[in-house]
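Asker:
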């Protein structure tokens, strides 16, 4: 597993588990002792697993700051999913910049998304992150 993923798991006091029979690609939940567990479907590519872990860590980091229920209400659910995706994209962009010695102003959003095998529908989010600053 990528060292940066291990660091993020430690930062957010989370442990990683894999499952075979999950309906979703992954999910995160808080344990009674205050730690989090991120559970990820095991039969995906390494790149997909990395993306799911980052997305779920985004939930760990951001969901408590959004009022409302993820399960019961559409608006909080949408906001939580959006923030989890932004967290994932920000982390992937940070790694992309380091790996490619790239200047954020020179990043082609479509090329980045294609390299990460992410949907082009996330292009506006990538542009916003780059505009705001990747480490913001």
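In the UniProt record's numbering, the protein residues as written are 1 to 136.
Here a beta-carbon is modelled for each residue, glycine too, at the ideal position from N, C-alpha and C.
Remember, predicted model here, so these are calculated numbers, not experimental data.
Where do the ends of the alpha helix (DSSP H) carrying residue 53 lie?
Answerer: Looking at the DSSP string, the run of the alpha helix (DSSP H) that includes residue 53 is 46 to 62.
Asker: I need the straight-line Cα distance from residue 50 to residue 6, nearest angstrom please.
Answerer: One C-alpha to the other measures close to 11 Å.
Asker: Let me know if residue 15 comes out buried or exposed under the rule of 16 or more other beta-carbons within 10 Å of its beta-carbon.
Answerer: Answer is exposed; the Cβ neighbour count stays below 16.
Asker: Helix, strand or coil, according to DSSP, for residue 39 in the structure here?
Answerer: DSSP places residue 39 in strand when its eight states are reduced to three.
Asker: Go ahead and label residue 91 buried or exposed: buried means 16 or more other beta carbons lie within 10 angstroms of its beta carbon, across all protein chains shown.
Answerer: It is buried - the Cβ of residue 91 has at least 16 other Cβ atoms within 10 Å.
Asker: Give me whichever residues DSSP pairs with residue 28 in a beta bridge.
Answerer: Looking at the DSSP assignment, residue 28 forms a beta bridge with 38.
Asker: Return the chain-ordered list of same chain residues with a C-beta closer than 8 Å to the C-beta of residue 119, the five sequence neighbours on each side being excluded.
Answerer: Excluding positions up to five away in sequence, the list reads 113.
Asker: Identify whether residue 14 lies in helix, strand or coil by the three-state DSSP scheme.
Answerer: The answer is strand: DSSP assigns residue 14 an E or B state.
Asker: Give a yes or no on contact between the region 81 to 97 and the region 53 to 62, applying the rule of three or more CB pairs nearer than 8 Å.
Answerer: With a cut-off of 8 Å, the region 53 to 62 and the region 81 to 97 count as touching, because enough Cβ pairs lie within range.
Asker: Shortest alpha-carbon distance to residue 116 belongs to which of 104, 47 and 101?
Answerer: The shortest Cα separation from residue 116 among 104, 47 and 101 belongs to 47.
Asker: Tell me which residue opens and which closes the alpha helix (DSSP H) that residue 123 is part of.
Answerer: From DSSP, the alpha helix (DSSP H) with residue 123 extends over 123 to 132.
Asker: Here's the rule: buried if 16 or more other CB atoms are within 10 angstroms of the residue's CB, otherwise exposed. What is residue 84?
Answerer: Burial call: buried.
Asker: Give me, in chain order, the residues of the same chain whose beta-carbon lies closer than 8 Å to that of residue 12; leave out the 5 immediate sequence neighbours on both sides.
Answerer: So the list reads 36, 57, 60 and 61, once near-sequence residues are dropped.
Asker: With C-beta atoms as the reference, is residue 39 less than 7 Å away from residue 17?
Answerer: Yes, Cβ-Cβ distance for residue 39 and residue 17 is below 7 Å.
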